[in-house]
Amino acid sequence: MEWGGIIGYGLFLLIYGGIYAISALGLNVQWGYTGLFNIGVGGFFLVGAYTSAIMTKGPDFSHLGGFGQPFLVGVLAGGLLAAVLALLIGIPTLRLRGDYLAIATIGIAETLRLIVTNEQQLTAGVWGIGAIPKPLWSTFGDSYNAFYAVVVLLAMVLVYFAIERGIRSPWGRVLKAVREDEAVAQAVGKDVFRFKLQALVLGAFFMGVAGALFAHFVGYISPEAFEPMNATFLVWVMLIVGGSGNSKGAMLGAFIVWVIWSGTEFVAAALPPTFGPRAHALRIVLIGLLLMAMLLWRPQGVLGEERQVSKLVRNEPAGRSAQGG
Amino acid sequence: MAQLILYGLIYGGIISLGAIGLTLLVRILKFSHFAHGDMMALGAYLTLLFRVTMGLPMWLSVALAVILTAVAAVLIDRIFYKPLRRTSPAILLIASVGVALVLRHLIQFFWGAAPQVYQRGVERPYIVWGLRIRPTQVWILVMAVVLVIAVWLFLQKTKTGKALRAMADNMDLAAVSGIDTERMVVWTWVLGAALAAAAGIMLGMDTQLRPAMGWLMLLPIFAAAILGGLGNPYGAIAGGMIIALSQELSTMFINTAYKPAVAFVLMVLLLLVRPQGLFGGKA
Amino acid sequence: MALLEVSGLRAGYAEVDILHGVNLAVNQDEIVCVVGPNGAGKSTLMKSIFGLVRVRDGRIVFQGEDITGLGPSQIVRRGMCYVPQNNNVFPSLTVEENLEMGAFIRQGDFRRKMEEMFELFPILKERRRQKAGTMSGGQQQMVAMARALMLDPKLILLDEPTAGLSPKFAELVLEKVTEINRMGVSVLMIEQNARAGLAISHRGYVLTMGRNRLDDTGQALLANEEVGRLFLGG
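Protein chains in written order, with my numbering: chain D, 1057 to 1381; chain H, 596 to 878; chain R, 5 to 238.
Rendered as structure tokens:
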């Protein structure tokens, strides 16, 4: 491969890895820190992508549009709508057992896929939305990918620091207490439901932002382009590989798994052409086996959970409940 | 409308079989098995292999597919789930999502993504009281009823069935009484997977086979099981019927494409007003 | 030789030892009662004998065989049964089904044994088709004891059989314990009502802080001043 190709691949790695990393950071807030089981990541991602595309485009008769808002407004709107969705889904399910939330998030992701496929006037259905504006496209021209990589990485770093601040605050310690032992958190007077809802909504916001960043980079989105379950699954594998409960791990996992994921594309390409679309299926099987192997042999992930935070948490509720009891 | 109700009953029978198996897994193993829909698809595709590719008679193909699906479920449990059972229940859930994806894409890898059928050509439907029903659908209804009765008899009358119910009640006490709990776990998988395979085959007979068929069934069978109170196999049947009938009848008012979402909306509504399910069970 | 002989038993949960070297013996045809304050380790003792809590040190010998470290399913097959204090019936199963589960590993017919149980606990015969979960606490205790006896055990472990029962039912349950013992089953029980428990026991052990404090015949312990001061409120 010549230099241009390597640099090109490197930029793709930074952009896609970064976008997935933002999703994985969001999932880490939900699962890694709070223990919420969201398997509708793809759904929140999709909402962010569609919202931002519709918000930023000029008039287009094939779907809802014509708002012509700037890029940043679109991205924020994408995140916000995903957050609102999380609020709606969290309220009925977060008081119940964890697997109810899981099945509800699957349901919402499926329902969203049905909506974007069938509501022609809203999303152009299976035709998809094209010509999504790329911010500052004319300014950067040939080196656009380099610019966009910087945009994505900036967003990722911003999200990372926001989460780190939150998680090291008293708020973050309560989240972890909720994950470790809900009953104890409840016993020390924390409104467990509210904290869970906040974590779910915050995580969904980041997923929406990631979806928006994705839409503006590829420029075209359609229901097929998403396969929400695959997106969900990839993000989960990223978090597990990197190490859940660890923001650095979530980001590292995103880049590692994206490299593996794009690598399997080469493997699939090497298969005889008769396999055709089946090769794609094999890629997912390989990623699935990677997940199972991680769960069985290295469940803590490459980095594992960050120690200094969790120690504080383990001591805190126990100490308080001892006083109370 | 009566026609829709009839289709609803057929579809409800299919959902119920899936939901009963799921309920057993939830009650006995405390495991919300997210790969259950894909076990249905596995059963359906194995039948395709024996029936169409190898040309065996239908009854034999069905029997082999049900047995092999049960064997696959037990193997998956031994290899993947069992070692994870001692960790957190959530890890098991993720593992089952992983198994679901792997199963679905293995099916797609071997059989391709295009829809397939057991039998080509159009069946001439019977007309009874103005209602159209195809011979295949009669078979599906009969099979569903027979299987539900068989499961009931198994759980109520046999020693193993009673032990399974005892496990569901109190795993520790079952162990203390000398019941071999690991063997009962295997039985649970055999029963749950066999029912799933049967349901998947019926679905394939009624419509067509697609790799995503199991995944699309996951929502309705979970909704049915939750409606039935997650834990009560008989509630699962009622839940399955309610889900299926609402899905069919919804087509009178809304776009047919939204059928799968009806199950989801019903489930969320129920969780809001009556989280313990319509028919008792533990909250 | 004693039927059950426990020596130097150390056991506990996670990193904490609850029992620090307990010795105890049950002879053939005896009722042995363990008393002691809350947190003395009585329940832990029962559970470690039955293989439900890991034994860290010491030996448990039953009928001359070392059963230390065996699991409950293996111990059951050797003729020892255990009735936990709570959740000791299968609530959604009928009385008959509960007894059948007790006989799960029994080869051949269990009907005759079930009839024997119905003779011992006539109330269960009346309610044989009732779900155990819908019965009163005292009746559930009888279902639990009958379930454990279905295997013709040599020794039955009873963890606080009268806990939460009305005085009338508690008395009835202890009467049944004596009756069971007359049928040739040795009994090791924990009883929070020490006076009533010791009164029907051949011998008793007093446990405090996970250690043996006293042991003697039931009558002697009842008369013992220290025991009286500690547990009998007199």
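Yeah, the Cβ is synthetic: ideal placement off N, Cα and C, and Gly gets one too.
Option nearest residue i by Cα separation, candidates the options
{"i": "Leu811 of chain H", "options": "H:Ser772, H:Trp784, H:Ala856", "result": "H:Ala856"}
{"i": "Asp1247 of chain D", "options": "D:Leu1150, D:Gly1082, D:Phe1127", "result": "D:Leu1150"}
{"i": "Thr1167 of chain D", "options": "D:Ser1300, D:Ile1185, D:Glu1283", "result": "D:Glu1283"}
{"i": "Val99 of chain R", "options": "R:Gly83, R:Glu119, R:Asn90", "result": "R:Glu119"}
{"i": "Trp654 of chain H", "options": "H:Trp706, H:Arg622, H:Trp734", "result": "H:Trp734"}
{"i": "Val1291 of chain D", "options": "D:Gly1259, D:Ile1277, D:Glu1280", "result": "D:Gly1259"}
{"i": "Gly1181 of chain D", "options": "D:Pro1189, D:Ala1202, D:Val1172, D:Pro1115", "result": "D:Val1172"}
{"i": "Ala1160 of chain D", "options": "D:Leu1308, D:Leu1256, D:Gly1305, D:Tyr1276", "result": "D:Leu1256"}
{"i": "Val741 of chain H", "options": "H:Leu644, H:Phe645, H:Leu651, H:Leu790", "result": "H:Leu790"}
{"i": "Leu176 of chain R", "options": "R:Pro88, R:Gly141, R:Leu234, R:Asp21", "result": "R:Gly141"}
{"i": "Gln598 of chain H", "options": "H:Arg805, H:Ile728, H:Arg869", "result": "H:Ile728"}
{"i": "Phe1383 of chain D", "options": "D:Tyr1204, D:Arg1169, D:Val1140", "result": "Any property of residue 1383 of chain D remains undetermined from this structure, which presents chain D solely from 1057 to 1381."}
{"i": "Ala6 of chain R", "options": "R:Glu19, R:Asn185, R:Lys51, R:Glu69", "result": "R:Glu69"}
{"i": "Glu164 of chain R", "options": "R:Pro95, R:Ala174, R:Asp156", "result": "R:Ala174"}
{"i": "Ser611 of chain H", "options": "H:Met836, H:Phe675, H:Val723", "result": "H:Met836"}
CB contact below 8 Å: residue i versus chain R
{"i": "Asn850 of chain H", "result": "no"}
{"i": "Val746 of chain H", "result": "no"}
{"i": "Ala761 of chain H", "result": "yes"}
{"i": "Tyr602 of chain H", "result": "no"}
{"i": "Lys625 of chain H", "result": "no"}
{"i": "Gly773 of chain H", "result": "yes"}
{"i": "Asp672 of chain H", "result": "no"}
{"i": "Ala758 of chain H", "result": "yes"}
{"i": "Leu768 of chain H", "result": "yes"}
{"i": "Asp801 of chain H", "result": "no"}
{"i": "Asp633 of chain H", "result": "no"}
Beta-carbon gap between residue i and residue j smaller than 8 Å
{"i": "Ala818 of chain H", "j": "Leu867 of chain H", "result": "no"}
{"i": "Gln732 of chain H", "j": "Asp801 of chain H", "result": "yes"}
{"i": "Gly809 of chain H", "j": "Gly795 of chain H", "result": "yes"}
{"i": "Ala685 of chain H", "j": "Phe1101 of chain D", "result": "no"}
{"i": "Phe1262 of chain D", "j": "Gly1082 of chain D", "result": "yes"}
{"i": "Ile1095 of chain D", "j": "Ile1162 of chain D", "result": "yes"}
{"i": "Ala831 of chain H", "j": "Thr618 of chain H", "result": "yes"}
{"i": "Gly12 of chain R", "j": "Asp61 of chain R", "result": "yes"}
{"i": "Ala1281 of chain D", "j": "Gly1184 of chain D", "result": "yes"}
{"i": "Val1 of chain R", "j": "Ile64 of chain R", "result": "Since the displayed chain R opens at 5 and closes at 238, residue 1 of chain R lies outside it and no answer follows."}
{"i": "Gly823 of chain H", "j": "Gly834 of chain H", "result": "yes"}
{"i": "Val39 of chain R", "j": "Leu202 of chain R", "result": "yes"}
{"i": "Leu750 of chain H", "j": "Pro828 of chain H", "result": "yes"}
{"i": "Met839 of chain H", "j": "Gly603 of chain H", "result": "Here residue 839 of chain H is Ala; the residue named in the question, Met, does not match the sequence. A contact, by the Cβ cut-off of 8 Å."}
{"i": "Arg805 of chain H", "j": "Pro710 of chain H", "result": "yes"}
{"i": "Phe629 of chain H", "j": "Val692 of chain H", "result": "yes"}
For residue i: DSSP bridge partner residues
{"i": "Ile194 of chain R", "result": "R:Val38, R:Asp163"}
{"i": "Asn216 of chain R", "result": "R:Leu211"}
{"i": "Thr48 of chain R", "result": "DSSP output for Thr48 of chain R lists no bridge partner at all."}
{"i": "Phe66 of chain R", "result": "R:Leu8, R:Glu69"}
{"i": "Val1185 of chain D", "result": "Note that residue 1185 of chain D corresponds to Ile in the displayed sequence, not to Val. Answer by DSSP bridge pairing, in chain order: D:Ile1277."}
CB contact check: residue i to chain H, cutoff 8 Å
{"i": "Glu120 of chain R", "result": "no"}
{"i": "Ser1366 of chain D", "result": "Per-residue confidence for Ser1366 of chain D stands at a pLDDT of 42, beneath the threshold of 50, marking its modelled position as unreliable; the derived number appears in the next sentence. Not an interface residue."}
{"i": "Gly238 of chain R", "result": "The pLDDT assigned to Gly238 of chain R is 45, lower than 50, so where the model puts this residue is not dependable; a value taken from the coordinates is nonetheless given after this. No, no contact with chain H."}
{"i": "Met105 of chain R", "result": "yes"}
{"i": "Glu1280 of chain D", "result": "no"}
{"i": "Arg81 of chain R", "result": "yes"}
{"i": "Pro1148 of chain D", "result": "yes"}
{"i": "Tyr1156 of chain D", "result": "yes"}
{"i": "Tyr17 of chain R", "result": "no"}
{"i": "Val1369 of chain D", "result": "For Val1369 of chain D, the predicted model reports a pLDDT of 41, less than 50, meaning its position is unreliable and no value from the coordinates is stated."}
Assumed close pair residue i, residue j - CB separation to whole angstroms, cut-off 8 Å
{"i": "Pro1333 of chain D", "j": "Ala708 of chain H", "result": "6 Å"}
{"i": "Met121 of chain R", "j": "Leu103 of chain R", "result": "6 Å"}
{"i": "Ala1138 of chain D", "j": "Gly1319 of chain D", "result": "Rounded, the Cβ-Cβ distance is 30 Å, inconsistent with contact."}
{"i": "Met1008 of chain D", "j": "Ala1310 of chain D", "result": "Look at the range of chain D in this structure, 1057 to 1381, and you will see that residue 1008 of chain D is not part of it."}
{"i": "Ala758 of chain H", "j": "Met105 of chain R", "result": "6 Å"}
Proximity test, Cβ basis, 8 Å: residue i and chain D
{"i": "Lys877 of chain H", "result": "Low confidence applies here, because Lys877 of chain H scores a pLDDT of 44, under 50, leaving its location unreliable and the question unanswered by this model."}
{"i": "Ala660 of chain H", "result": "no"}
{"i": "Leu620 of chain H", "result": "no"}
{"i": "Ala839 of chain H", "result": "no"}
{"i": "Thr753 of chain H", "result": "no"}
Cβ-heavy atom distance, residue i to the ligand COA, below 7 Å
{"i": "Arg673 of chain H", "result": "Judged by which ligands are present, the structure shown has none, so any question about the ligand COA falls away."}
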